[in-house]
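A.B. asks: In the working numbering, the protein residues as written are 57 to 613.
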Amino acid sequence: MAILNDDYKKKLGDLRHKEEEELATILSKKYGLQYVDLTGIPINTDALRLVSEKEAREKKLAPFKILGKKLSIAVLSPKNDATMAIVKGLEERNYQPILYMVSTKSLERAWERYKDITFAHETKEGVLDVSNEDIRNIVEKTRGLGEAKKVIQEVIGLKRGYRISRIVETIVAAGIATDASDIHIEPEESYIRLRLRLNGILTDVLNFDRETYELLLSRIKLLSGLKLNIKEKPQDGRFSIKISDAEIEIRSSTLPGAYGESVVMRILNPESISVPMEELGMDPDFLKVVEKEISRPNGMILNTGPTGSGKTTTLYAFLKKAHTPEVKIITIEDPIEYHLPGIVQTQVDVKNGYTFAGGLRSALRQDPDIIMVGEIRDKETAEIAINAALTGHLVFSTLHTNNAAGTFPRLIDLGVNSKLITSAINISMAQRLVRKLCQDCREEITPSPEQRKILDKVIPTLPKEKVLQTEKVWAPRGCDNCNKSGYRGRIGVFEAIISDESIEKVVEDNPSEREITKAAEGQKILSMLQDGIIKVLSGVTTFEELQRVLDFEEETI
57 MAILNDDYKK
67 KLGDLRHKEE
77 EELATILSKK
87 YGLQYVDLTG
97 IPINTDALRL
107 VSEKEAREKK
117 LAPFKILGKK
127 LSIAVLSPKN
137 DATMAIVKGL
147 EERNYQPILY
157 MVSTKSLERA
167 WERYKDITFA
177 HETKEGVLDV
187 SNEDIRNIVE
197 KTRGLGEAKK
207 VIQEVIGLKR
217 GYRISRIVET
227 IVAAGIATDA
237 SDIHIEPEES
247 YIRLRLRLNG
257 ILTDVLNFDR
267 ETYELLLSRI
277 KLLSGLKLNI
287 KEKPQDGRFS
297 IKISDAEIEI
307 RSSTLPGAYG
317 ESVVMRILNP
327 ESISVPMEEL
337 GMDPDFLKVV
347 EKEISRPNGM
357 ILNTGPTGSG
367 KTTTLYAFLK
377 KAHTPEVKII
387 TIEDPIEYHL
397 PGIVQTQVDV
407 KNGYTFAGGL
417 RSALRQDPDI
427 IMVGEIRDKE
437 TAEIAINAAL
447 TGHLVFSTLH
457 TNNAAGTFPR
467 LIDLGVNSKL
477 ITSAINISMA
487 QRLVRKLCQD
497 CREEITPSPE
507 QRKILDKVIP
517 TLPKEKVLQT
527 EKVWAPRGCD
537 NCNKSGYRGR
547 IGVFEAIISD
557 ESIEKVVEDN
567 PSEREITKAA
577 EGQKILSMLQ
587 DGIIKVLSGV
597 TTFEELQRVL
607 DFEEETI
């Protein structure tokens, strides 16, 4: 009986469908329109984009084909006000709407295709242009980490109904909305882990299944210009997201592991890297020193610190401060992280022979006033940069050392003549990034005995006018405004050594870092530890954050 019942239902459904299509045919003649059955023809998603799903369902219509500016639209009621309003709006955008009479079943078939629309307006290798309207919808849903988890979980859970493109774009959009610097997709034995790096700290978002991971991996590789069949070697690529006039670059990296390829997508958002000098976190007196050095016509400003300490952001801030219409600036970077108007920026391409050293040589032939070298890694680059600083150019660059004093021994180790180093270098800086306490929920606490010992050691070395109080510190609590973390944003802690006569004398004898630090005591510039303790006592950050980035045992005051 169940079989007969199912067969009867199918016949009844077919009869109703036939009657509905016949009615649509009759109405098409009444209104002088063509009839079309959408259940048997392809629906063009580019046409669907021109009317939002919400409007299409409310107004009982659906664009289904586009050729140039000619747009075919399926409708139920061609003469009602809602339909005419949509038509008029499309005409104002220079489209030529052509109406077709359809059945409700045809419309439902067209509406189903909305779930196949990726947020990408146009996709090709290396470029992903995201629809402004759709990205705004995601950003509104992902104001905090909790909402980010929810929206990603929702789209992954509906993977059978959504194209994989939409999942990739939702994850990237959630990363942008939460100000993440990196997105990590890491395969484990029985699940895939998704994490975001927020304020420098990796934060778990959710775990998902391997089937979705395999599809995500292929899509990310395609977007980034990576080879799908290479799974045993690391690969690096990129793609861009265009939101209105802003272009956000995504640097993709894959690394083979025990359970599959790990993926990291670094988000290079111009808004997050474009920080004015005044907002970097420099002590006001130190800021004046740096501004003076930037205004000099020649010499070298070196910024040091480990990867992820904010060196490039600081150098970009220097470039923006130094840039005027009368000055020519050329950069050699790897990669170009933020495009600066009015500045000639070039990118290292080792495969084609364009290295930091080669780029620096070429830049010098262009008669620049200021040169930025992304990083000094070898003797050749170091010597060319030093010579450029000695021959009338202002050079900005970075070096991997732990502190400002380490700059001089490091350059000597690279083979640079010690007698030239202090003549070329105006100032050597070092920095770290610490998370800033959320000012909406931080709570006042009494320093622990261990913290009190450090305070009692450092406070006497600080200028009195910089210490407002010494009895309390603050701790993170967590609220909706800071994703329950207790922190919002990051700020730098800095130190520097100026190349003066005392430094020049000691550098000639291949000194240790401790000897250089002692020679610089008369400069009265705060060390990173001193700068950090002032920020702790001011409630800007916490002891724990400072200890996370500085080794208190090794730091000298």
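C-beta: ideal position from N, C-alpha, C; glycine also.
Per the contact definition of three or more C-beta pairs closer than 8 Å, is the segment 505-525 in contact with the segment 473-480?
C.D. replies: no
A.B. asks: Output the boundary residues of the beta strand (DSSP E) element that contains Gly415.
C.D. replies: Element bounds for Gly415: not the beta strand (DSSP E) but the alpha helix (DSSP H), 412-420.
A.B. asks: So is Ile37 buried or exposed if we call it buried at 16+ other beta carbons inside 10 Å?
C.D. replies: Limits of the chain in this structure are 57 at one end and 613 at the other, which puts residue 37 out of reach.
A.B. asks: In terms of DSSP beta bridges, what is Gln403 paired with?
C.D. replies: Glu389
A.B. asks: Please list, in chain order, all residues of the same chain as Gly231 whose beta carbon is under 7 Å from its beta carbon, the five residues on each side excluded.
C.D. replies: Ile239, Leu252, Ile323
A.B. asks: Can you find at least 3 beta carbon pairs, one from the segment 556-573 and one from the segment 530-539, that sit closer than 8 Å?
C.D. replies: no
A.B. asks: Ignoring anything shorter than 3 residues or poking outside the segment 95-180, list the beta strand (DSSP E) runs there in chain order.
C.D. replies: 117-123, 126-131, 152-157, 176-180
A.B. asks: Over the uninterrupted beta strand (DSSP E) stretch that includes Tyr372, give me the two end residues.
C.D. replies: In the DSSP assignment, Tyr372 falls outside any beta strand (DSSP E) and lies within the alpha helix (DSSP H) extending over 367-378.
A.B. asks: Would you mind working out which of Gln209, Val346, Arg149, Lys377 sits nearest Lys126, comparing C-alpha positions?
C.D. replies: Arg149
A.B. asks: Counting Cβ pairs closer than 8 Å, one from the segment 447-465 and one from the segment 354-365, do we hit at least three?
C.D. replies: Contact annotation: the segment 447-465 touches the segment 354-365, with at least three C-beta pairs closer than 8 Å.
A.B. asks: Should Gln618 be labelled buried (16 or more other beta-carbon atoms within 10 Å of its own) or exposed?
C.D. replies: Given that the chain is displayed from residue 57 to residue 613, the structure contains no residue 618 and the question cannot be resolved.
A.B. asks: At the level of alpha carbons, what is the spacing between Lys384 and Leu450?
C.D. replies: 11 Å
A.B. asks: Three Cβ pairs or more, each shorter than 8 Å: is that satisfied between the segment 572-583 and the segment 339-348?
C.D. replies: yes
A.B. asks: Answer with buried or exposed for Asp587, where buried requires no fewer than 16 other C-beta atoms within 10 angstroms of its C-beta.
C.D. replies: Its Cβ being crowded by 16 or more others within 10 Å, Asp587 is buried.
A.B. asks: In chain order, which alpha helix (DSSP H) runs of at least 4 residues are fully inside the segment 564-605?
C.D. replies: 569-575, 584-593, 599-605
A.B. asks: Do you know how far the Cα of Glu267 is from the Cα of Gly545?
C.D. replies: 35 Å
A.B. asks: With a threshold of 7 Å on Cβ separation, who are the neighbours of Leu273 within its own chain once the five nearest residues in sequence on each side are excluded?
C.D. replies: Glu317, Val319
A.B. asks: Give the straight-line distance between the Cα atoms of Leu371 and Ile483, rounded to the nearest whole angstrom.
C.D. replies: Roughly 13 Å between the two C-alpha positions.
A.B. asks: On the CB-based measure, 16 or more other CB atoms within 10 Å of its CB, does Ile590 come out buried or exposed?
C.D. replies: With 16 or more Cβ atoms within 10 Å of its Cβ, Ile590 is classed as buried.
A.B. asks: Could you tell me the boundaries of the alpha helix (DSSP H) in which Ala233 lies?
C.D. replies: Ala233 -> alpha helix (DSSP H) spans 220-233.
A.B. asks: What does a CB cutoff of less than 8 Å around Glu76 pick up in its chain, not counting 5 residues either side in sequence?
C.D. replies: Same-chain partners within the cutoff: Ser159, Thr160, Lys161.
A.B. asks: Write down every uninterrupted run of the beta strand (DSSP E) in the segment 224-288 whose length is 3 residues or greater and which is fully enclosed by it, in chain order.
C.D. replies: 238-243, 248-254, 257-264
A.B. asks: Just the Cα atoms here: how many angstroms apart are Ile572 and Arg433?
C.D. replies: Take the alpha-carbon of Ile572 and the one of Arg433: they are about 22 Å apart.
A.B. asks: Assign Asn325 to buried or exposed, taking buried as 16 or more other Cβ atoms, counted over all protein chains shown, within 10 Å of its Cβ.
C.D. replies: buried
A.B. asks: What are the boundary residues of the beta strand (DSSP E) that Leu489 is part of?
C.D. replies: 481-493
A.B. asks: Are any of the Cβ atoms in chain B nearer than 9 Å to that of Asp512?
C.D. replies: The structure shown has no chain B; it contains just one protein chain.
A.B. asks: Is there contact between the segment 404-424 and the segment 327-338, where contact requires at least three CB pairs shorter than 8 Å?
C.D. replies: no
A.B. asks: Taking 9 Å as the cut-off, decide whether the C-beta atoms of Lys115 and Ala80 are in contact.
C.D. replies: no
A.B. asks: Measuring only the C-alpha atoms, how far is Leu470 from Ser418?
C.D. replies: 22 Å
A.B. asks: Between the C-alpha atoms of Asp292 and Thr310, what's the straight-line distance to the nearest angstrom?
C.D. replies: C-alpha separation (whole angstroms): 7 Å.
A.B. asks: Would DSSP call Phe608 helix, strand or coil?
C.D. replies: Coil, per DSSP.
A.B. asks: Hey, how far is the Cα of Met157 from the Cα of Gly88?
C.D. replies: 9 Å
A.B. asks: Helix, strand or coil: how does DSSP classify Ser84 here?
C.D. replies: helix
A.B. asks: So for Leu333, helix, strand or coil by DSSP?
C.D. replies: The question names Leu, but residue 333 is Met in the sequence shown. Met333 falls in the helix class under three-state DSSP.
A.B. asks: Going by C-alpha distance, which of Lys144, Tyr170, Lys85, Pro332 is nearest Arg113?
C.D. replies: Tyr170
A.B. asks: Please identify the residue among Glu600, Asn263, Ser108 whose C-alpha is closest to the C-alpha of Glu506.
C.D. replies: Glu600
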